[in-house]
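Participant:
Numbering (this note's numbering), first residue to last: 52 to 426.
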């Protein structure tokens with residue numbers, strides 16, 4: 052062997068030995084995931100948007116495959132999207148969503164069957180624009196639920212049957228379903244969904260669930276359904292929260308109160324905004340809209356380290372609470388994969404820059420992810 056060849060082999064061996072610890076560390080980091088860290092505790096899920104469902108956002112899908120084992124459709128299963136005109140269904144995005152979930156072994160949640168927002172106008176009016184009768188609306192509800200749930204029978208594991216029917220003060224939301232049918236529309240929706248797929252889990256889903264008045268009202272609603280023999284499998288507590296609201300104590304009281312009803316508890320739509328809220332704290336009413344002001348968008352150029360740390364601490368506080376009650380909680384679902392796609396950037400003030408999720412705009416995990424994996 053000539054001297055030059057001997058020297059090249061020696062250098063290669065030195066580089067290989069020097070690289071080995073770093074390479075091993077990188078492989079370990081690559082293999083660690085949220086779903087592995089939380090295995091046996093509860094599902095960890097995320098919402099998929101149209102870019103991800105269509106397969107265009109491959110980078111985000113890689114994050115989902117690695118870190119999550121449950122998915123929910125952010126928009127494509129809402130009634131205005133899936134049935135924009137009576138009898139005309141747009142199932143293609145939902146079909147892709149379900150097929151992707153099946154391919155990757157995900158727990159699949161359908162969202163949402165009956166919701167006052169993002170419902171098509173034809174649900175509630177006749178051809179002349181006049182309000183329909185209760186009988187007509189009930190028939191339309193049944194046809195919609197049977198068509199959607201029936202199509203995915205045995206494939207979608209759970210459904211958010213009714214979404215956001217209670218106001219923060221504990222009263223019923225006076226939406227079109229309520230105005231035409233009355234509170235009975237909630238019971239009917241659950242009955243129709245149960246008939247369409249007897250095996251799917253059926254949930255009630257709402258925001259501000261740490262609010263004592265809302266907690267009491269939702270518990271009363273579920274109890275009323277149970278006494279009538281209408282089966283409800285779980286309650287989804289939307290986690291649209293901030294750095295300082297709601298209190299963990301009140302949130303915990305709701306987890307316990309709902310679990311005592313004998314139903315599953317899910318933390319749904321979890322995100323933690325770091326931005327100031329123009330109308331106070333809490334809530335997630337999609338119809339809220341405020342004019343953009345610079346002082347409401349303080350981190351457009353980047354997030355200060357102090358706020359990033361506060362966000363990490365807040366996430367860990369909530370997850371510590373979830374882990375404490377893992378016997379009651381079946382799933383924790385983030386409302387989006389990364390910050391760039393979060394609805395928080397445009398609600399309730401359009402055009403802001405928020406940092407509410409566990410992965411940044413480049414799909415890189417934040418410090419909270421590392422901490423949760425290390426637990």
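C-beta: ideal position from N, C-alpha, C; glycine also.
Have a look at the DSSP bridge pairing and note the partners of residue 315.
Facilitator: 285
Participant: Quick one: using the 10 Å Cβ neighbour count with 16 as the cut-off for buried, is residue 225 buried or exposed?
Facilitator: exposed
Participant: From residue 413 to residue 355, what does the alpha carbon distance come to, in whole angstroms?
Facilitator: 17 Å
Participant: Starting from residue 383, trace the beta strand (DSSP E) both ways and give me its first and last residue.
Facilitator: The continuous beta strand (DSSP E) containing residue 383 extends over residues 380-385.
Participant: Using beta-carbon positions only, say whether residue 211 and residue 265 come within less than 8 Å of one another.
Facilitator: At the C-beta level, residue 211 and residue 265 stay beyond 8 Å of one another.
Participant: Would you mind stating whether residue 267 and residue 221 have Cβ atoms separated by less than 8 Å?
Facilitator: Yes, they are a contact pair.
Participant: With 16 as the cutoff for other CB atoms within 10 Å, does residue 143 come out buried or exposed?
Facilitator: exposed
Participant: Identify the continuous alpha helix (DSSP H) that holds residue 428 and give its terminal residues.
Facilitator: Residue numbering for the chain in the displayed model covers 52 to 426; residue 428 lies beyond these limits and cannot be assessed.
Participant: Determine the DSSP secondary structure at residue 395, reduced to helix, strand or coil.
Facilitator: helix
Participant: Exposed or buried, residue 59, counting other C-beta atoms within 10 Å across all chains shown (16 or more means buried)?
Facilitator: Only weak support is given to the placement of residue 59: the predicted model assigns it a pLDDT of 43, under 50, and the value that follows is read from those uncertain coordinates. It counts as exposed.
Participant: Quick one: residues in its chain with C-beta nearer than 7 Å to the C-beta of residue 182, no 5 flanking neighbours on either side, listed in chain order?
Facilitator: Answer for residue 182: 175, 176, 231, listed in chain order.
Participant: Determine the direct distance from the alpha carbon of residue 146 to that of residue 152, and round the result to whole angstroms.
Facilitator: 10 Å
Participant: Is the number of C-beta pairs between the stretch 297-314 and the stretch 374-381 that are closer than 8 Å three or more?
Facilitator: yes
Participant: Using a 10 Å radius around the Cβ and a threshold of 16 neighbouring Cβ atoms, would you call residue 425 buried or exposed?
Facilitator: Here residue 425 is exposed. Its C-beta has fewer than 16 other C-beta atoms within 10 Å.
Participant: Should residue 150 be labelled buried (16 or more other beta-carbon atoms within 10 Å of its own) or exposed?
Facilitator: exposed
Participant: Output yes or no for whether 8 Å exceeds the beta carbon distance between residue 208 and residue 137.
Facilitator: no
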